[in-house]
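Trainee: Under this note's numbering, the first residue of the sequence shown is numbered 9, with each subsequent residue one higher. Quick one: this structure, given as structure tokens, is what I'll be asking you about.
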Amino acid sequence: MVSPSLLRLSKQPLMASLLHPSLLLSKPSPFSPPSLHRSFIYPVTRELHLPGISPSHKHGKLLICGATLEEPPVFEPPPLPSPPAELVASLKLNLLSAVSGLNRGLAASEEDLKRADSAAKELEAVGGPVDLYKDLDKLQGRWKLIYSSAFSSRTLGGSRPGPPTGRLLPITLGQVFQRIDIFSKDFDNIVELQLGAPWPLPPLDLTATLAHKFEITGTASVKIIFEKTTVKTIGNLSQLPPFEIPRIPDALRPPSNTGTGDFEVTYLDSDTRVTRGDRGELRVFVIS
9 MVSPSLLRLS KQPLMASLLH PSLLLSKPSP FSPPSLHRSF IYPVTRELHL
59 PGISPSHKHG KLLICGATLE EPPVFEPPPL PSPPAELVAS LKLNLLSAVS
109 GLNRGLAASE EDLKRADSAA KELEAVGGPV DLYKDLDKLQ GRWKLIYSSA
159 FSSRTLGGSR PGPPTGRLLP ITLGQVFQRI DIFSKDFDNI VELQLGAPWP
209 LPPLDLTATL AHKFEITGTA SVKIIFEKTT VKTIGNLSQL PPFEIPRIPD
259 ALRPPSNTGT GDFEVTYLDS DTRVTRGDRG ELRVFVIS
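Here it is in structure tokens:
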């Protein structure tokens with residue numbers, strides 16, 4: 009039998025700690041913020057059955073109060089601050105200045121290519137990594153190509169096979185656009201061309217639309233799959249209906265022309281997009 013006086017003495021320190029919870033708080037380390045070491049106390053109640061006393065008796069139970077200690081909360085580090093808008097605007101202007109006057113890259117020299125690549129890398133570094141899963145809506149719209157390092161090879165396909173400009177065929181390259189629809193997954197390359205004709209016939213103006221579907225293959229990676237090419241005359245012959253160029257059968261297609269392509273979006277905001285192709289082509293677009 010436990011004497012009542014002994015029970016009263018055993019309760020006194022415990023009751024004092026419950027009336028003054030601050031006595032149970034852990035002391036902060038001098039090397040860490042106090043908030044990281046503050047413990048949260050939750051009282052719990054347990055039943056203690058004393059030997060020799062029937063548990064069914066209402067006085068045979070002793071309620072013992074204690075406290076449980078939680079782990080200290082973990083605070084996530086704050087996100088990195090966004091680069092100053094003035095710096096981003098300055099680097100965008102520097103890139104646009106580097107590619108201006110190069111006729112979208114057709115007139116670029118080796119020095120011009122290096123200057124444009126350096127300006128693009130500065131913007132990419134400050135802009136940070138692109139996350140298309142979060143910012144896919146920024147791809148939506150009609151984009152105008154203002155520079156492509158691939159055009160320095162003097163072919164419309166860049167480092168890929170393509171019709172030469174100004175060599176075997178009298179082709180003049182006009183504006184180039186990309187039309188992206190994130191809902192239908194349509195990805196169309198639209199190219200304005202002018203075909204020379206023997207005198208006295210006027211040159212033929214037309215628009216070629218290379219239709220693709222696209223899919224996101226990584227946080228900044230895009231894969232496009234070619235579907236068809238449609239040609240529409242413009243200018244004096246705009247009343248002619250568009251016609252579709254037959255696709256080369258897969259069995260006759262050269263290994264280098266798989267009908268698919270991949271590129272990385274290295275910078276993206278509401279009006280400017282920088283991409284790098286799977287063969288290193290640098291392209292700069294502005295929203296149109």
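Note that CB positions come from ideal geometry on N, CA and C, so glycine has one too.
Closest to Ile188 by CA distance: which of Gly182, Asn197, Leu181 and Lys142 is it?
Mentor: Asn197
Trainee: Return the first residue and the last residue of the alpha helix (DSSP H) that Ala93 is part of.
Mentor: Ala93 to Val107
Trainee: Here's a check: name, in chain order, each residue in its chain whose Cβ is nearer than 6 Å to the Cβ of Leu276, leaving out the five neighbours to either side.
Mentor: Val138 and Lys146
Trainee: What residue from Leu209, Ser108, Thr237 and Asp270 has the CA that sits closest to Leu153's CA?
Mentor: Ser108
Trainee: Excluding the 5 residues preceding and the 5 following Lys193 in the sequence, name in chain order all residues of the same chain whose CB lies nearer than 8 Å to its CB.
Mentor: Lys221, Phe222 and Glu223
Trainee: Could you tell me whether the Cβ atoms of Lys236 and Ala216 are closer together than 8 Å?
Mentor: no
Trainee: Rounded to whole angstroms, what's the CA-CA distance from Leu201 to Leu144? Just pull it up for me.
Mentor: 30 Å
Trainee: Quick check on Phe251: buried or exposed, where buried means 16 or more other Cβ atoms within 10 Å of its Cβ?
Mentor: Phe251 comes out exposed.
Trainee: Leu287 lies in the beta strand (DSSP E); which residues open and close that run?
Mentor: Rather than Leu, the amino acid found at residue 287 in this sequence is Arg. Run containing Arg287: none; DSSP gives neither H nor E here.
Trainee: With DSSP run on the structure shown, which of helix, strand or coil describes Lys231?
Mentor: strand
Trainee: What does the alpha-carbon distance come out to for the pair Leu95 and Asp125?
Mentor: Taking the straight line from one Cα to the other gives about 18 Å.
Trainee: To the nearest angstrom, report how far apart Asp213 and Ser157 are at their CA atoms.
Mentor: 25 Å
Trainee: Where DSSP assigns a beta bridge to Asp196, which residues make up the other side?
Mentor: Arg187 and Ala219
Trainee: If we count Cβ pairs, one from each stretch, closer than 8 Å, do we get three or more for the segment 237 to 245 versus the segment 101 to 117?
Mentor: Short answer: they don't touch.
Trainee: How should Thr268 be labelled, buried or exposed, when 16 other C-beta atoms within 10 angstroms of its C-beta is the threshold for buried?
Mentor: exposed
Trainee: Tell me the DSSP secondary structure of Val294 in three-state form.
Mentor: strand
Trainee: Counting along the chain, where does the beta strand (DSSP E) carrying Val273 start and finish?
Mentor: Thr268 to Leu276
Trainee: Leaving out the 5 sequence neighbours to the left and right, which residues in its chain are closer than 7 Å to Ile253 when beta-carbon positions are compared?
Mentor: Thr237 and Val239
Trainee: According to the Cβ coordinates, are Phe185 and Leu114 closer than 8 Å?
Mentor: Contact flag unset, no.
Trainee: For Val282 versus Leu131, is the C-beta spacing smaller than 8 Å?
Mentor: yes
Trainee: So, helix, strand or coil for Asp279, using DSSP?
Mentor: Here DSSP, grouped into helix, strand and coil, assigns Asp279 to coil.
Trainee: Alpha carbons only, please: which of Glu289, Arg255, Asp279 and Trp151 is nearest the one belonging to Phe271?
Mentor: Glu289
Trainee: Beta strand (DSSP E) containing Glu118: first to last residue?
Mentor: Per DSSP, Glu118 belongs to no beta strand (DSSP E); it is in the alpha helix (DSSP H), Glu118 to Gly135.
Trainee: Our contact map puts Ala205 next to Thr274 with C-beta atoms below 8 Å; I'd like the distance itself, whole angstroms only.
Mentor: Wrong, their Cβ atoms sit about 41 Å apart, outside the cutoff.
Trainee: What distance in whole Å lies between the Cβ atoms of Ser296 and Arg112, which are believed to be in contact at a cut-off of 8 Å?
Mentor: That belief does not hold up - the Cβ atoms of Arg112 and Ser296 are roughly 14 Å apart, past 8 Å.
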